[in-house]
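Heads up: the structure comes next, in structure tokens.
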Ligand code: G3P
Ligand code: CA
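Numbering (the numbering used here), first residue to last: 168 to 443.
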């Protein structure tokens, strides 16, 4: 992660190459790196025994063969689960896909086990090229600061918690929670933060992001319905990182508006469309 920063529209693999491989697994992140993604997006949650793991939902029910809330399970409980097999079925429990479009080697159990953030940081460190990480804090209120505290401690171990300048940081922290981002900035002022948005409040529409936020993270729905808002953000010097952009016409729209990062489940397809 010491390589120079690129100045292109970044292509960020959302939960890894999650269209092809089971989200938030090593299989999905390895594929995203092979696909040429500039950055990897991941959601992080705390286990009952204080480990940060990459899981989107509050519960493990959808993406594993287990049940229960991540926050009520210990890492050893999660390690016993299979986070890959669900991907071989359609999202509604339909027929098995006999030849899934990702390399599933049953002997490589780690590829579809629960992924700790620590392991993901190792993967990125060993990628052999610059691969950035966009880490989203989930359920930050339940643990009242512990997610951010653990995250910063872990980043510190990798020498990533206090970049000399935000522009050079290979890691950024994203959240829908302004409080979570505020905690991160208070502890580590140069670590970039991304203010995720699902709706555009009148306050946001005026271009007034919370103090200290330089990167806006609107959904693609916002971009489609409020392109002027995006232009205003760009004019006022903000970066704009858009999620989750899977349709070719949406990629075109993002490029036309000059967004800085496209967060997608299909990094290879978006890179192809961008001619990269
Ligand atoms: O990249 C931001 C995006 O991931 C936020 O939504 O629900 O996919 O975490 P969600
Ligand atoms: Ca996310």
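Glycine included, each C-beta is placed from N, C-alpha and C at the ideal position.
Buried versus exposed, by CB contacts within 10 Å (16 or more), residue i
{"i": "residue 340", "result": "buried"}
{"i": "residue 311", "result": "exposed"}
{"i": "residue 313", "result": "exposed"}
{"i": "residue 320", "result": "exposed"}
{"i": "residue 251", "result": "buried"}
{"i": "residue 378", "result": "exposed"}
C-alpha gap between residue i and residue j, whole angstroms
{"i": "residue 437", "j": "residue 187", "result": "14 Å"}
{"i": "residue 345", "j": "residue 274", "result": "42 Å"}
{"i": "residue 300", "j": "residue 205", "result": "9 Å"}
{"i": "residue 342", "j": "residue 317", "result": "15 Å"}
{"i": "residue 382", "j": "residue 403", "result": "11 Å"}
{"i": "residue 194", "j": "residue 429", "result": "21 Å"}
{"i": "residue 235", "j": "residue 384", "result": "29 Å"}
{"i": "residue 306", "j": "residue 348", "result": "12 Å"}
{"i": "residue 470", "j": "residue 432", "result": "As shown, the chain starts at 168 and ends at 443. That puts residue 470 outside it, with no answer to give."}
{"i": "residue 240", "j": "residue 351", "result": "25 Å"}
{"i": "residue 278", "j": "residue 369", "result": "44 Å"}
{"i": "residue 254", "j": "residue 224", "result": "15 Å"}
Residue i versus the options, residue with shortest Cα-Cα distance
{"i": "residue 178", "options": "416, 410, 423", "result": "410"}
{"i": "residue 182", "options": "439, 281, 370", "result": "281"}
{"i": "residue 303", "options": "255, 338, 323, 442", "result": "338"}
{"i": "residue 386", "options": "378, 397, 380", "result": "397"}
{"i": "residue 364", "options": "358, 390, 356, 349", "result": "390"}
{"i": "residue 189", "options": "222, 217, 368", "result": "222"}
{"i": "residue 209", "options": "241, 220, 362", "result": "220"}
{"i": "residue 287", "options": "175, 405, 426, 192", "result": "192"}
{"i": "residue 328", "options": "355, 315, 335", "result": "355"}
Where residue i sits in the DSSP three-state scheme
{"i": "residue 322", "result": "helix"}
{"i": "residue 189", "result": "coil"}
{"i": "residue 208", "result": "strand"}
{"i": "residue 303", "result": "strand"}
{"i": "residue 242", "result": "helix"}
{"i": "residue 253", "result": "helix"}
{"i": "residue 385", "result": "strand"}
{"i": "residue 298", "result": "coil"}
{"i": "residue 432", "result": "coil"}
{"i": "residue 331", "result": "coil"}
Contact test: residue i Cβ vs ligand 1 heavy atom, cutoff 8 Å
{"i": "residue 223", "result": "yes"}
{"i": "residue 310", "result": "no"}
{"i": "residue 188", "result": "no"}
{"i": "residue 301", "result": "yes"}
beta-carbon residue i near ligand 2 non-hydrogen atom, thresh 8 Å
{"i": "residue 208", "result": "yes"}
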